[in-house]
Structures are given as C-alpha cells and as structure tokens.
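Student: For the sequence shown, numbering that gives the first Met the number 0 gives the first residue as 0, with consecutive numbering after it.
One structure follows; several queries about it will come next.
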Amino acid sequence: MPTSWVTRLWLVAALMAVFGFITVWGAPEGGRVTGMWPAGLATGCLLLARRRHTRAIIAGILAVAFLTIWLGGRPAEVAMGFALGSAVEALVVSRLFTDGVDEKPSLRSDDDLRSYFGSVAAGGLLAAGAGFVTSAATGWGTPGLVAASIGTAHIASNLSLIPFFCRLPNQESVASPGERVLQWLTILVVTPAVFLPQDFPSVVFAAIPVLAWGALRISPRESLGQLVAVLGFAIIMTTAGLGPFADVPARYGLPVDSRGVLLASYAITCVSIVVPLMIRVGEQIATAREAAAERDKVQRIVDGATGVAIIGADRDGRVTLFNPGARLLLGYDVDDVVGRSTRMFHARTAIRDKAVELGVEDDFMAVVRELVRPGRAGTHMRFLRKDGVERTHTITLSQIIDDRGRTTGYVSTSEDVTDQLTARRALEEALAAEREAVDRLREVDAVKDAFVSSVSHELRTPMTSILGYLEMLGEGAYGELSDGQVNAVRRVSENTTRLLGLIDDLLTLSRVDSDGFVHSDRIFDLTEAVRESYEVVAPGWSARDLDVRLTLPDEPVPLLGERDMIERVVLNLLSNAVKFTPDGGAIRLSLGVDGDEAEIVVSDNGIGVPAQEQDRLFTRFFRSTLAQKQAIPGSGLGLSITRAIVEQHGGRIDFTSSQPDGGTTFRVRLPVVT
Numbered sequence: 000m001p002t003s004w005v006t007r008l009w010l011v012a013a014l015m016a017v018f019g020f021i022t023v024w025g026a027p028e029g030g031r032v033t034g035m036w037p038a039g040l041a042t043g044c045l046l047l048a049r050r051r052h053t054r055a056i057i058a059g060i061l062a063v064a065f066l067t068i069w070l071g072g073r074p075a076e077v078a079m080g081f082a083l084g085s086a087v088e089a090l091v092v093s094r095l096f097t098d099g100v101d102e103k104p105s106l107r108s109d110d111d112l113r114s115y116f117g118s119v120a121a122g123g124l125l126a127a128g129a130g131f132v133t134s135a136a137t138g139w140g141t142p143g144l145v146a147a148s149i150g151t152a153h154i155a156s157n158l159s160l161i162p163f164f165c166r167l168p169n170q171e172s173v174a175s176p177g178e179r180v181l182q183w184l185t186i187l188v189v190t191p192a193v194f195l196p197q198d199f200p201s202v203v204f205a206a207i208p209v210l211a212w213g214a215l216r217i218s219p220r221e222s223l224g225q226l227v228a229v230l231g232f233a234i235i236m237t238t239a240g241l242g243p244f245a246d247v248p249a250r251y252g253l254p255v256d257s258r259g260v261l262l263a264s265y266a267i268t269c270v271s272i273v274v275p276l277m278i279r280v281g282e283q284i285a286t287a288r289e290a291a292a293e294r295d296k297v298q299r300i301v302d303g304a305t306g307v308a309i310i311g312a313d314r315d316g317r318v319t320l321f322n323p324g325a326r327l328l329l330g331y332d333v334d335d336v337v338g339r340s341t342r343m344f345h346a347r348t349a350i351r352d353k354a355v356e357l358g359v360e361d362d363f364m365a366v367v368r369e370l371v372r373p374g375r376a377g378t379h380m381r382f383l384r385k386d387g388v389e390r391t392h393t394i395t396l397s398q399i400i401d402d403r404g405r406t407t408g409y410v411s412t413s414e415d416v417t418d419q420l421t422a423r424r425a426l427e428e429a430l431a432a433e434r435e436a437v438d439r440l441r442e443v444d445a446v447k448d449a450f451v452s453s454v455s456h457e458l459r460t461p462m463t464s465i466l467g468y469l470e471m472l473g474e475g476a477y478g479e480l481s482d483g484q485v486n487a488v489r490r491v492s493e494n495t496t497r498l499l500g501l502i503d504d505l506l507t508l509s510r511v512d513s514d515g516f517v518h519s520d521r522i523f524d525l526t527e528a529v530r531e532s533y534e535v536v537a538p539g540w541s542a543r544d545l546d547v548r549l550t551l552p553d554e555p556v557p558l559l560g561e562r563d564m565i566e567r568v569v570l571n572l573l574s575n576a577v578k579f580t581p582d583g584g585a586i587r588l589s590l591g592v593d594g595d596e597a598e599i600v601v602s603d604n605g606i607g608v609p610a611q612e613q614d615r616l617f618t619r620f621f622r623s624t625l626a627q628k629q630a631i632p633g634s635g636l637g638l639s640i641t642r643a644i645v646e647q648h649g650g651r652i653d654f655t656s657s658q659p660d661g662g663t664t665f666r667v668r669l670p671v672v673t
C-alpha cells in the first residue's frame with residue numbers, strides 16, 4: 000500500500016476514534032444510543048484502502064467502535080453489538096457504492112447519486128437492525144427507538160462524509176471572491192441565528208437556502224465544507240442544549256434520544272439538497288463545456304469550409320448563419336444578409352424552373368419543403384450572386400428539428416458547379432461529335448471494305464483467265480515462241496500470280512474484318528494442316544540454297560476451326576521466312592503441344608526486323624525498311640491477316656527478332672480439343 004494511503008488511512012482512523020468518543024460522550028444524559036457516531040469515517044477507511052486490506056480495516060473499525068462506545072459509558076455487550084453493526088455497515092456501504100471495483104468511487108452523475116443514496120440507505124437499515132437486536136437482547140433501551148436513532152444518525156453521517164472520499168464534479172467556482180466571502184459570512188451569521196434563540200419559533204430551514212446557494216455557485220468541496228460547518232455547528236449547539244432540537248424531549252414529552260433523530264433528520268435534509276444540486280450543476284457545466292467545445296469545433300469547420308457555402312436560417316427562412324464560403328461564392332457580406340429572407344439568393348425564374356423540375360407549385364416555400372425531403376440531396380439550384388450573375392450550385396437542404404419534433408430552422412450546404420457543368424456539357428458535345436465521326440469513319444470503312452471485296456472479286460476472274468492463257472502460250476498452244484517471248488511470258492505470268500496473291504490477301508482480309516467466315520464445328524488434325532502447308536511452300540525454296548526442316552509430333556493434334564484459314568497462317572509465316580532468309584540460311588517449322596495449347600513455331604536466321612519497327616509489324620500494308628531496300632516483294636498484308644485469323648480462333652501470336660542477322664521467330668498458340 001503506498002505511503003500516502005497509509006497516512007490518509009491513519010488520519011481518518013484517528014478522526015473516527017476522536018469524534019466517535021466525543022459523540023458517545025456527548026450524548027444526552029439518560030440516552031441509550033451513541034449520538035452522531037462517525038459512521039461516514041468508517042466507510043471512508045474502506046474507500047481509501049485497497050481490497051486486499053479489507054479484513055484488517057474491518058477489524059480496526061470494530062475495535063475503534065467498541066472502544067469509543069464502551070469508553071463512552073455503554074455496557075460492553077451493548078458496545079459490541081453496536082460496534083458489530085457499524086463495522087458490517089461500513090463494509091456493505093463501501094461494497095455497494097463502489098460496485099465491488101477496487102478504485103476511488105465517483106459522485107458525478109445520476110447513476111452515482113442513486114448508488115450513493117441506495118448504499119447509504121442499505122447501510123443505515125443494517126445499522127438500525129443491529130441496534131434493534133442489541134437492544135432487544137440486552138434490554139438496553141427501547142428497541143424501536145434505538146433502531147431509529149442509530150439508523151438516522153448513521154445515514155446522516157455517511158451522507159455527509161462519504162463525498163469527501165469520492166471523485167466529485169470537476170468544476171471551479173463560478174462565484175467571484177467577493178460572493179464567496181459573502182456566502183461564508185452568511186453561513187456564519189445564519190447558522191447561529193437559527194440555533195441560538197431559545198424562546199423563538201424554529202427557523203432552522205433558513206440555513207438550507209444558503210447551502211443551496213453555495214452548491215450552485217462554488218466548487219463541490221467548498222460546498223461540502225459549508226455543509227459540514229453548518230451540521231457541525233448544529234451538533235455542537237444541540238449537544239450543548241441549545242437550538243430548536245435540544246428541548247424537544249422536555250417540551251413534547253418525548254424520549255431523550257428523539258432529539259438525535261431530529262438532528263440526524265435535519266442533516267439528512269441538508270445533504271439531500273446540497274449533494275444532488277452539486278452534481279446537477281457539475282453535469283450542467285460539463286454539458287455546457289462539451290456543447291461549447293462542439294460548437295467551437297463546428298464553427299471552425301464551418302469557417303474553414305471556404306469552398307462550400309453554408310447558410311443557416313430560422314423557421315421563417317431568415318438568415319442566421321453565413322459562413323466565409325458563402326461570402327466567397329455569393330459575394331455578400333454577413334451584414335448584408337443576416338435577418339433577411341433566403342429568397343434573396345434566387346432569381347424568380349430560378350424558383351419557377353426548380354418548381355417545375357420538382358413537380359410542385361410555383362412557390363418558394365413549396366420548393367423548400369420538397370428540397371428537404373429524403374433523396375433530394377445534391378440537386379442543382381441556381382444562386383444569384385451580389386453582382387447579379389447566376390451560378391449553379393449543388394445543394395443539400397436540411398431541417399433543424401428540436402426534441403419535440405418541431406422545425407426550428409434550416410441549413411443548406413452548396414458548392415458552385417457551374418464550371419464543372421460547363422466542362423461536362425463541352426465534353427459531352429465533344430464525345431457526341433467524336434461518336435458521330437467514328438460512325439462516319441465506320442461507314443466509310445465499310446464502304447471501302449465492300450469496294451475492295453467487290454473489286455477483288457471482279458479482278459480475280461479476269462486475272463485467272465489471263466493466267467490460264469499465259470500458261471497456254473508458254474506451252475506453245477498457239478505456236479512456238481522464241482526465247483525472248485518465253486522469257487516475257489514467264490515474267491508476265493509471275494507478276495500475274497503475284498497480283499492474284501494480292502487479290503486473295505485482300506479478299507481474306509475483307510472476310511476477317513467483317514467476320515465473313517464462321518468457325519467450323521469440325522475438328523481437324525493440325526499436324527496434317529501444317530504438313531500440307533509445308534509442302535505447298537516447298538517449291539519456293541527448291542531452287543535455292545536453304546536448309547528448311549519440319550518437325551511434327553507423332554500423335555494427331557485435334558483443333559476446332561477453319562482448316563484453310565489455319566493453313567493460311569502457316570503459309571504466310573513460312574513463305575515470309577523463305578523470302579527474308581538469304582541463301583545459305585536455315586528455316587525451322589515445328590508443331591508441339593503444351594498442356595491444352597498447340598504451338599506452331601516458324602524460325603529463321605534471315606534479315607530480321609529493326610527494333611524500332613517491331614511494334615508496327617502487324618499493321619496493314621507495313622513493310623520494313625530492310626525489305627524495301629532489298630526489293631523483297633510483298634503486300635504488307637500477310638501478318639495482319641495472320642494475327643486476325645489466330646485471334647478469331649482464340650489464340651495468340653508473338654515474335655522475337657534481333658539484329659543484325661539474328662533472324663526472326665514467330666510463335667502461334669492455339670487451344671486444342673481435349
């Protein structure tokens with residue numbers, strides 16, 4: 000136990016012993032009880048000590064109570080009975096008041112007040128019961144009167160002294176120094192005035208308003224000090240045979256112990272007024288502080304919201320609050336608007352347009368009543384600035400409702416969104432124009448595709464016919480040709496074949512762009528498709544010095560799709576490898592299966608693709624600078640067609656290429672049938 004607690008405990012115990020002996024010794028002659036024995040100090044000892052010291056403290060209380068009562072002239076058996084009641088009472092009151100928690104109790108709220116009165120009442124009843132049993136068992140006095148005297152005295156003592164051991168409301172005196180001096184002077188004047196006169200009607204009630212005055216105006220401990228001063232003076236005067244309570248037994252023929260009951264009742268009355276008032280004032284001050292802090296916080300938030308107009312109004316719509324944000328957005332000063340109707344912030348046309356939008360009558364208050372309805376937050380409203388310019392705000396209007404459910408005012412928060420709305424409209428117009436342009440481009444593209452497809456079809460027929468006649472000429476169907484003529488026919492035939500290939504590319508591209516081919520639901524063997532493509536391109540390198548090799552799996556590779564299109568992919572990649580690989584080079588075509596995907600790999604060690612041009616490789620009509628410099632023929636459509644076919648079959652294509660002479664590797668991955 001800390002030294003400070005030990006010191007306080009010994010001090011309280013010493014006071015309990017001293018005042019306990021004095022009260023018993025000063026009890027009226029012929030009385031059977033112990034006067035105003037300091038039960039509150041006994042309870043205070045337990046409130047000061049920690050729980051683990053309870054037994055020792057109880058034993059000490061029992062010993063002090065027994066000795067003070069016995070030495071005060073009461074029989075030992077009576078002293079023991081009264082002492083046991085006092086010790087158990089102190090334990091019960093302390094436990095009930097603290098709710099069994101090992102810490103300093105509080106006396107600051109209504110809950111604390113209920114616990115305070117309830118625990119003291121329970122302890123008083125227990126002490127009264129102990130007095131009744133002791134009196135009945137020992138024949139010491141009248142049991143009922145003994146119980147009443149001890150019960151009221153112990154209740155008064157506990158009520159008066161327990162607050163000194165509690166956490167009281169944290170409040171300073173609101174009375175000025177002069178007022179406090181006046182209060183103490185009044186206490187010193189009024190108290191003797193009501194207890195000293197003997198042949199004058201009792202006016203003991205006159206001290207109560209003075210105590211209430213102190214409870215309302217000064218600090219809690221000072222108020223309790225005034226209470227103890229009044230009660231101490233009353234006890235001293237009554238013990239000395241002075242005051243309105245001293246001669247009650249003789250005047251009215253009552254038992255001598257009845258004056259103690261009256262004195263204790265007076266003390267209970269004073270405490271029952273002072274302590275609740277003290278707590279209520281503390282709660283009000285704490286509430287006022289919290290309200291002031293919250294008000295200051297809200298005011299700082301309101302004043303700091305310079306980008307938001309916050310306007311408060313009373314129930315009639317007159318402005319009561321106009322924050323800096325409102326001044327900035329609307330251009331008015333506070334003095335210009337406070338007390339005036341909020342109608343001034345809206346042009347007549349703005350009210351009419353909003354009423355039409357909301358579907359209410361053309362009236363300002365009708366619009367207000369509709370705007371405060373749930374779901375209307377964030378609506379747009381036109382505000383009229385001081386300079387006459389209308390600006391559009393997004394506004395949220397709320398009602399202020401009191402505890403009776405009545406509307407006491409309104410508060411609106413709004414932000415100027417005129418610029419945002421203007422920008423949004425401009426963006427929407429730009430998007431609309433862009434969509435229109437895109438639609439027109441699509442139409443143009445569709446017309447172009449249709450034109451290309453139509454022209455390609457129209458060209459293919461005569462080109463096929465031309466190619467047929469050239470073959471007949473070359474074979475001598477129309478007579479023998481000279482060497483020069485044969486060479487000319489061969490060149491025309493090669494260029495015609497090249498032109499026919501370009502036409503085929505255009506037709507294929509048209510089909511791919513317009514989803515002109517539908518995936519077949521037939522499954523074919525990808526291995527055979529790759530082998531056939533290899534054989535189709537083989538004549539292209541038969542007369543050249545190229546090392547071309549094909550690697551195929553032993554098992555079939557089932558694939559769902561258009562076989563001729565997949566063959567077109569392999570043809571394009573392999574023919575490109577042949578075209579871009581010089582003599583002496585190597586080309587590899589392989590097919591493999593990796594999980595649920597088939598992988599077609601075409602690699603060469605040809606001229607490659609410059610790094611700065613690789614991101615354009617699949618663009619239509621793109622041809623690398625190397626191909627152009629070396630006059631390698633091509634349309635620039637093959638790779639774009641290849642990627643489109645692969646993607647429409649649910650696959651993907653990528654490549655790697657390095658320079659110089661690093662070659663190029665294309666990888667096509669397609670989902671296989673599992």
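Every residue, glycine too, gets a C-beta built ideally from N, C-alpha and C.
Beta-carbon within less than 6 Å of residue 316's beta-carbon, same chain only, minus the 5 sequence neighbours each way: which residues are those?
Tutor: Closer than 6 Å at Cβ, skipping near neighbours: 340 and 341.
Student: Go through the stretch 245 to 320 residue by residue and report every complete run of the beta strand (DSSP E) that reaches 3 residues or more, in order.
Tutor: As far as the stretch 245 to 320 is concerned, its whole beta strand (DSSP E) runs of at least 3 residues are 308 to 313.
Student: Can you tell which of 44, 46 and 377 has the C-alpha that lies nearest to the C-alpha of residue 413?
Tutor: The shortest Cα separation from residue 413 among 44, 46 and 377 belongs to 377.
Student: Please return the same chain residues whose Cβ sits closer than 7 Å to the Cβ of residue 540, not counting the five positions on each side in sequence.
Tutor: If we look at residue 540 and ignore the five residues flanking it on each side, its Cβ neighbours are 547 and 577.
Student: Using the Cα positions of residue 214 and residue 274, report the straight-line distance between them to the nearest angstrom.
Tutor: C-alpha separation (whole angstroms): 8 Å.
Student: Could you tell me which whole beta strand (DSSP E) segments of length 3 or greater appear in the stretch 128 to 195?
Tutor: Listed in chain order, nothing qualifies, since the stretch 128 to 195 has no complete beta strand (DSSP E) run of 3 or more residues.
Student: For residue 185, which residues from the same chain have a beta carbon less than 7 Å from its beta carbon, with the 5 sequence-adjacent residues on both sides left out?
Tutor: Hits under 7 Å: 209.
Student: Closest to residue 106 by CA distance: which of 65, 162, 53 and 122 is it?
Tutor: Answer by Cα proximity: 162.
Student: Indicate, with yes or no, if the ligand NAP has a heavy atom lying under 6 Å from the CB of residue 425.
Tutor: The ligand content of the structure shown is nil, which means the ligand NAP is not present either.
Student: Rounded to the nearest angstrom, what separates residue 323 and residue 304 at their Cα positions?
Tutor: Distance between the alpha carbons of residue 323 and residue 304 is about 7 Å.
Student: Where does residue 468 fall in DSSP's three states?
Tutor: It is helical.
Student: Once you ignore the five residues that flank residue 528 on each side, which residues in its own chain have a CB closer than 6 Å to its CB?
Tutor: Hits under 6 Å: 562, 565 and 566.
Student: Output the boundary residues of the beta strand (DSSP E) element that contains residue 596.
Tutor: Residue 596 -> beta strand (DSSP E) spans 596 to 603.
Student: Hey, residue 617 and residue 602: beta-carbon distance below 7 Å or not?
Tutor: The answer is no: Cβ separation not under 7 Å.
Student: Could you say which of 132, 277 and 73 lies nearest to residue 171 if we only look at CA atoms?
Tutor: Closest by alpha carbon: 277.
Student: Bridge partners of residue 379, per DSSP?
Tutor: Looking at the DSSP assignment, residue 379 forms a beta bridge with 393.
Student: Candidates 21, 284 and 30: which alpha carbon is nearest residue 683's?
Tutor: Nothing in the structure corresponds to residue 683, since the chain is present only between 0 and 673.
Student: Are the Cβ atoms of residue 555 and residue 580 separated by less than 7 Å?
Tutor: Their beta carbons are not under 7 Å apart, which means residue 555 does not touch residue 580 by this criterion.
Student: Helix, strand or coil for residue 661, going by three-state DSSP, please let me know.
Tutor: Three-state DSSP puts residue 661 in coil, outside helix and strand.
Student: Considering only the alpha carbon of each residue, which of 331, 352 and 367 lies closest to residue 314?
Tutor: Per the Cα distances, 367.
Student: Identify which residue in 443, 135 and 662 has its Cα closest to the Cα of residue 587.
Tutor: The candidate whose alpha carbon is nearest that of residue 587 is 662.
Student: Tell me the DSSP secondary structure of residue 606 in three-state form.
Tutor: Residue 606 falls in the coil class under three-state DSSP.
Student: Note down, in chain order, each residue of its chain lying with its Cβ closer than 7 Å to the Cβ of residue 650, except the 5 sequence neighbours on either side.
Tutor: Taken in chain order, the residues that qualify are 667, 668, 669 and 670.
Student: Do you know whose CA, among 136, 93 and 144, lies nearest residue 119's CA?
Tutor: It is 93 whose Cα lies nearest to the Cα of residue 119.
Student: If you follow the beta strand (DSSP E) that residue 547 is in, where does it begin and where does it stop?
Tutor: Counting along the chain, the beta strand (DSSP E) containing residue 547 begins and ends at 546 to 550.
Student: Thinking C-alpha only, which one of 532, 582 and 570 is nearest residue 545?
Tutor: Ranking the options by Cα distance to residue 545, first place goes to 582.
Student: Do residue 151 and residue 264 count as a contact pair if the criterion is CB distance below 7 Å?
Tutor: Result yes, Cβ atoms of residue 264 and residue 151 sit closer than 7 Å.
Student: Nearest-angstrom Cα distance between residue 18 and residue 224?
Tutor: So the alpha carbons of these two residues sit roughly 17 Å apart.
Student: Which residue comes first and which comes last in the alpha helix (DSSP H) that contains residue 414?
Tutor: Residue 414 -> not in any alpha helix (DSSP H); beta strand (DSSP E) instead, spanning 406 to 415.
Student: Within its chain, find whatever has a CB closer than 6 Å to the CB of residue 134; leave out the 5 residues flanking it on each side and keep chain order.
Tutor: Around residue 134: 140, 142 and 145.
Student: Report all residues from its chain with a CB closer than 7 Å to the CB of residue 25; omit the five preceding and five following residues, and keep chain order.
Tutor: Closer than 7 Å at the Cβ level, and outside the excluded window around residue 25, lie 34 and 238.
Student: Once the 5 residues before and after residue 22 are set aside, which same chain residues still bring their CB inside 6 Å of it?
Tutor: Closer than 6 Å at the Cβ level, and outside the excluded window around residue 22, lie 34, 35 and 36.
Student: For the 8 Å Cβ check, are there 3 or more pairs between the stretch 110 to 130 and the stretch 175 to 184?
Tutor: Output reads no: the stretch 175 to 184 does not touch the stretch 110 to 130.
Student: To the nearest angstrom, how far is the alpha carbon of residue 248 from that of residue 401?
Tutor: Roughly 57 Å separates the two Cα atoms.
Student: Can you give me the start and stop residues for the beta strand (DSSP E) that residue 654 sits inside?
Tutor: Segment 651 to 656, the beta strand (DSSP E) holding residue 654.
Student: How about residue 89 and residue 68: do their beta carbons lie closer than 7 Å?
Tutor: Not in contact: residue 89 and residue 68 (Cβ atoms no closer than 7 Å).
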